[in-house]
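S.K.:
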Amino acid sequence: MARVCVMMMAMAIAMAMNIAMGDPIAPCYFIFGDSLVDSGNNNRLTSLARANYFPYGIDFQYGPTGRFSNGKTTVDVITELLGFDDYITPYSEARGEDILRGVNYASAAAGIREETGRQLGARITFAGQVANHVNTVSQVVNILGDENEAANYLSKCIYSIGLGSNDYLNNYFMPVYYSTGSQYSPDAYANDLINRYTEQLRIMYNNGARKFALVGIGAIGCSPNELAQNSRDGVTCDERINSANRIFNSKLVSLVDHFNQNTPGAKFTYINAYGIFQDMVANPSRYVGRNNGQITCLPGQAPCLNRDEYVFWDAFHPGEAANVVIGSRSFQRESASDAHPYDIQQLARL
-11 MARVCVMMMA MAIAMAMNIA MGDPIAPCYF IFGDSLVDSG NNNRLTSLAR
39 ANYFPYGIDF QYGPTGRFSN GKTTVDVITE LLGFDDYITP YSEARGEDIL
89 RGVNYASAAA GIREETGRQL GARITFAGQV ANHVNTVSQV VNILGDENEA
139 ANYLSKCIYS IGLGSNDYLN NYFMPVYYST GSQYSPDAYA NDLINRYTEQ
189 LRIMYNNGAR KFALVGIGAI GCSPNELAQN SRDGVTCDER INSANRIFNS
239 KLVSLVDHFN QNTPGAKFTY INAYGIFQDM VANPSRYVGR NNGQITCLPG
289 QAPCLNRDEY VFWDAFHPGE AANVVIGSRS FQRESASDAH PYDIQQLARL
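Under the working numbering, the first residue of the sequence shown is numbered -11, with each subsequent residue one higher.
Below you can see the structure in the form of structure tokens.
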């Protein structure tokens, strides 16, 4: 618990410094992702992937908003550290000049591939989120009144993208619904995902995005769901899944390097969520407590009182205490391996 207290103290100091300096260090923050960062876009969708009910949000100041956590998500933490005075509004609720602060497009069950997560119902795929962003850009131009001014403004924003988890959990490793696991080798599947990912990044770039943070996939094979279903002893992570995740992450790092070398005026960075997350799972007592593969919220049961001692909130999603660690290390890296070549704070100041 001492480690997470130190992290939270450092986070409070960083936030205080940003507030003392006035404006956020980036004028706006655009978020693309899945349930790890969804803040309510699925609430009105016909979907099983929703979290707008208790005990979700039990520790969040606004209650259950659609966040798949007991409290803050990683992007909420990053939003605070960037110096914003409130969280980024989900696309489903963003109106008027509020979009100048940024928009959260993330949708639970979403993937890079269009079919990913379809068994859970409606969701907004990566392509759909980017299409929504293109609509936002046109609104920004209307608000600012000039395309050049809008382009200059948008070039200073942070664009974080965290997708791919569902393309494995709710596609590649779900043969009852999808055939991709038999159609592709892990390497070929990762290539397909990266190609689709690249296409969306180019659309974002063509619509003014210049500062990209690409978030790698976490250690999915260590989630409580996978430990319960696929671990031989309920403790050992599923290496089959984690190995596939590492292949994707490796290609994502290469994509960052490629874009940095070949995309004029843009800066890309990779956030090593896998490494940060694996560190917490392997050493929970250093960060959030003593429990790594256990969960605090089971259907029909009251959450335990010591929620900050658990890495996981439910079968798939980290709790707020873990999100504080991940978000803080994404914003300001604790070790060189946390981010490549920049952490988000450095990216914002470029």
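Glycine residues also receive a C-beta, built at the ideal position from the N, C-alpha and C atoms. Nothing here was measured: the structure is a model prediction, and the numbers come from that model.
Which of the three DSSP states is assigned to THR257 in this structure?
M.R.: Here THR257 sits in strand by DSSP.
S.K.: Since PHE161 sits in a beta bridge, which residues does DSSP pair it with?
M.R.: DSSP output for PHE161 lists no bridge partner at all.
S.K.: Over what stretch of residues does the alpha helix (DSSP H) that includes LYS239 continue unbroken?
M.R.: Start and end: 227 to 250.
S.K.: Give the range of the alpha helix (DSSP H) segment to which SER80 is assigned.
M.R.: Here SER80 belongs to no alpha helix (DSSP H), and DSSP marks it neither H nor E.
S.K.: ALA97 and GLY105 - do their beta-carbons sit closer together than 9 Å?
M.R.: Contact: yes.
S.K.: Can you tell me whether GLN49 is buried or exposed, with buried defined as 16 or more other CB within 10 angstroms of its CB?
M.R.: So GLN49 ends up on the exposed side.
S.K.: Do TYR275 and ALA327 have their beta-carbon atoms positioned less than 9 Å apart in this structure?
M.R.: Cβ atoms of ALA327 and TYR275: not closer than 9 Å.
S.K.: What are the partner residues of TYR17, as DSSP defines its beta bridges?
M.R.: ILE146, per the DSSP bridge assignment.
S.K.: What separation, rounded to the nearest whole angstrom, lies between the Cα atoms of SER211 and ASN120?
M.R.: Rounded to the nearest angstrom, the two C-alpha atoms are 31 Å apart.
S.K.: Measure the Cβ-Cβ separation of GLY133 and LEU240 and say whether it is below 9 Å.
M.R.: The answer is no: Cβ separation not under 9 Å.
S.K.: Looking at ASN260 and GLY204, is the spacing between their C-beta atoms short of 9 Å?
M.R.: In this structure, ASN260 lies closer than 9 Å to GLY204 by Cβ.
S.K.: Quick one, which of THR186, ILE87, PRO163 has its alpha-carbon nearest PHE114's?
M.R.: Ranking the options by Cα distance to PHE114, first place goes to THR186.
S.K.: Within this structure, are the beta carbons of GLY209 and ASN230 separated by less than 9 Å?
M.R.: Yes, they are a contact pair.
S.K.: Give me the Cα-Cα distance between GLY116 and ASP180, rounded to the nearest whole angstrom.
M.R.: Cα-Cα distance, rounded: 18 Å.
S.K.: May I ask you to report which of helix, strand or coil DSSP gives PHE72?
M.R.: Looking at PHE72 - three-state DSSP - the assignment turns out to be coil, as it is neither helix nor strand.
S.K.: Would you give the residue range spanned by the beta strand (DSSP E) that ALA201 belongs to?
M.R.: Run containing ALA201: 199 to 203, per the beta strand (DSSP E) assignment.
S.K.: So, using beta-carbon positions, are ASN58 and ARG295 closer together than 9 Å?
M.R.: Yes.
S.K.: Could you tell me whether the Cβ atoms of ILE344 and LYS199 are closer together than 9 Å?
M.R.: Lying outside -11 to 338, the shown extent of the chain, residue 344 is not represented and no answer is given.
S.K.: Compute the beta-carbon to beta-carbon distance between VAL269 and ALA201, rounded to the nearest angstrom, for a pair I have assumed lies under 8 Å.
M.R.: Not a contact, Cβ separation roughly 22 Å.
S.K.: Rounded to a whole number of angstroms, what is the C-alpha to C-alpha distance between TYR360 and MET162?
M.R.: With the chain running from -11 to 338 in the structure shown, residue 360 is simply not present.
S.K.: Consult DSSP for PRO174 and reduce its assignment to one of helix, strand or coil.
M.R.: Reduced to three states, the DSSP call for PRO174 is helix.
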